[in-house]
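In what follows, a single structure is set out as C-alpha cells and then discussed.
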Amino acid sequence: MKILVTRLLPPETQARLEQQDVELIQWQHDQAMPRDTLLSWVQGVDGLLCLLTDRIDNEVLDAAGPQLKVVATMSVGYDHLDIPSLKARNIQIGYTPDVLTDATADLTVLLTLAAARRMKEGIQAAETGEWREWRPTWLCGSQFTGKTLGVVGLGRIGEAVAKRMKAFGIHRVVYSGRSRKIEAETALGGADHVPLNELLQVSDYVAVCCALTDETKDLFDYSAFSKMKPSAVFVNTARGGIVKQDDLVRALEEHKIAGVGLDVTTPEPLPTDHALYRFPNCVILPHIASATMETRERMASMSLDNTLAALANQPVPYGV
Ligand SMILES: O=CC(=O)O
Numbered sequence: 001m002k003i004l005v006t007r008l009l010p011p012e013t014q015a016r017l018e019q020q021d022v023e024l025i026q027w028q029h030d031q032a033m034p035r036d037t038l039l040s041w042v043q044g045v046d047g048l049l050c051l052l053t054d055r056i057d058n059e060v061l062d063a064a065g066p067q068l069k070v071v072a073t074m075s076v077g078y079d080h081l082d083i084p085s086l087k088a089r090n091i092q093i094g095y096t097p098d099v100l101t102d103a104t105a106d107l108t109v110l111l112t113l114a115a116a117r118r119m120k121e122g123i124q125a126a127e128t129g130e131w132r133e134w135r136p137t138w139l140c141g142s143q144f145t146g147k148t149l150g151v152v153g154l155g156r157i158g159e160a161v162a163k164r165m166k167a168f169g170i171h172r173v174v175y176s177g178r179s180r181k182i183e184a185e186t187a188l189g190g191a192d193h194v195p196l197n198e199l200l201q202v203s204d205y206v207a208v209c210c211a212l213t214d215e216t217k218d219l220f221d222y223s224a225f226s227k228m229k230p231s232a233v234f235v236n237t238a239r240g241g242i243v244k245q246d247d248l249v250r251a252l253e254e255h256k257i258a259g260v261g262l263d264v265t266t267p268e269p270l271p272t273d274h275a276l277y278r279f280p281n282c283v284i285l286p287h288i289a290s291a292t293m294e295t296r297e298r299m300a301s302m303s304l305d306n307t308l309a310a311l312a313n314q315p316v317p318y319g320v
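Mapping to UniProt numbering: the sequence shown position 125 is 125, numbers consecutive.
As C-alpha cells, this is what we get:
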C-alpha cells in the first residue's frame, strides 16, 4: 500500500506515520506542495492525506488512478475537496470534526474581544508612544454584558462560541442556518433561530461559524453589512469565501460596522498591501483558529487513522 502525505505532520503523528508498514511518499516541507508535484506524486497511491491548502478535484483524482481508496484531510472544513466527484468514484472521505471545536471557539472569542475592545489600536498606541495619561473615553470599545450575539451556523463551533460568549455576559443568542438546532438551544439555555436579515439587524456581535458552500459563498456582501448596527462587531473564523471582501472594505470605509475580526481571508495569505490591514478597527490573524499543539496533533492523528482504516478496507472512523 502506498500513501501520499502532502506535508510534514506534528511530531507524535509523524513518528507514528513513519512506523506504518506502508510505502510513504511525503512532501517534507512546511509549505504547500506545488500543484505539479502533487499531480505527479499522487500517481498510483492508495491513500492521500492532505491539508486544506491542497485542492483535490477531478484532475488530482484522474492523476491518482482508480486504486485510490481514501482522501483524508487534516481539517474540519472540506470545501477544498470535490465531494461529489469523490463520492462518484467511491473514494472514502475523512476529516477532523470535534477536536478543533474548543481551539476554534476560543480564538473566535479572542477576535471578538479584540475587535470590541479595540486591541489593535491599543497595542499600536502603546508601541508608538501615542499612549499618554489615562483618559476617560480614550479607546473605549463595547462590552458583552447584556448584548446579543448572532451566530451564523450553530454547528459544533457556533455552539461552543455561544457558550463561551454567554459566560462573558451575552444576554441573547440568535442564530441563522437551514434548520433549527433544538439540542443546541437547550444546551445554551435558549437561543432563537431567526432569518439572517433579522440576525444582522439585532446582533451586537456577529460570528460566522458556518461551512463555505454554494449557499454561503459571498453571504456577507455590502447589503448584509449595511443591515448591521453601526456599533456591531463582525467576526469570521470560518472561510474567507463567505465574505465579499471588497464589500467589507467599503463597509468599513463607510463606518457601517464598528469592528472586524478575521482569521480567514481571500486569498490566504492576504497580501501585506491589502486595504483591510489599513483599518485600525480590523484585526486580522493568519488562519490559526485551530493552532494549538494539542489540537493539531489530534487532527493529524485522526487523519492518519482515517487513512489507515480505508487502506484496511474499513470505513473511515471520521468520515464526511
Ligand atoms: O480551517 C481549518 C479547518 O477547516 O480545519
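Every residue, glycine too, gets a C-beta built ideally from N, C-alpha and C.
- Per the Cβ contact rule, the region 245 to 253 is in contact with the region 218 to 226 (3 or more Cβ pairs under 8 Å).
- Partner residues in the beta bridge of Tyr175, as assigned by DSSP, are Val151 and His193.
- Those residues whose C-beta sits under 6 Å from the nearest heavy atom of ligand 1 are, from N- to C-terminal order along the chain, Leu52, Ser75, Val76, Gly77, Leu100 and Ser290.
- By the C-beta criterion, the region 116 to 124 is judged not to be in contact with the region 169 to 183, since fewer than 3 inter-stretch pairs fall below 8 Å.
- Per DSSP, Ile284 is one residue of the beta strand (DSSP E) stretching across Cys282 to Ile284.
- For Gly261, the pairing in a beta bridge is given by DSSP as Val235 and Val283.
- Between the beta-carbon of Val260 and that of Leu252 there is about 7 Å, and that keeps the pair under the 8 Å contact cut.
- Bounds of the alpha helix (DSSP H) holding Ile182 are Ile182 to Ala187.
- Annotation for Gln26: the continuous beta strand (DSSP E) segment containing it runs Glu23 to Gln26.
- With a cut-off of 8 Å on Cβ pairs, the region 278 to 294 is not in contact with the region 20 to 28, counting fewer than three such pairs.
- If you draw a straight line from the Cα of Val151 to the Cα of Glu159, it is about 8 Å long.
- Taking 3 residues as the minimum length, the beta strand (DSSP E) runs contained wholly in the region 198 to 249 are 205 to 208 and 233 to 236, in order along the chain.
- DSSP places Gly77 outside both helix and strand once states are collapsed to three, so it counts as coil.
- Exclusion of the five residues before and after Gln201 leaves Lys227 as the residues of its chain whose Cβ lies within less than 7 Å of its Cβ.
- In this structure, the beta-carbon distance from Thr108 to Ala232 does not fall below 8 Å.
- Of all alpha-carbon atoms in Leu113, Asp79, Met74 and Ser85, the one lying nearest the alpha-carbon of Gly94 is that of Met74.
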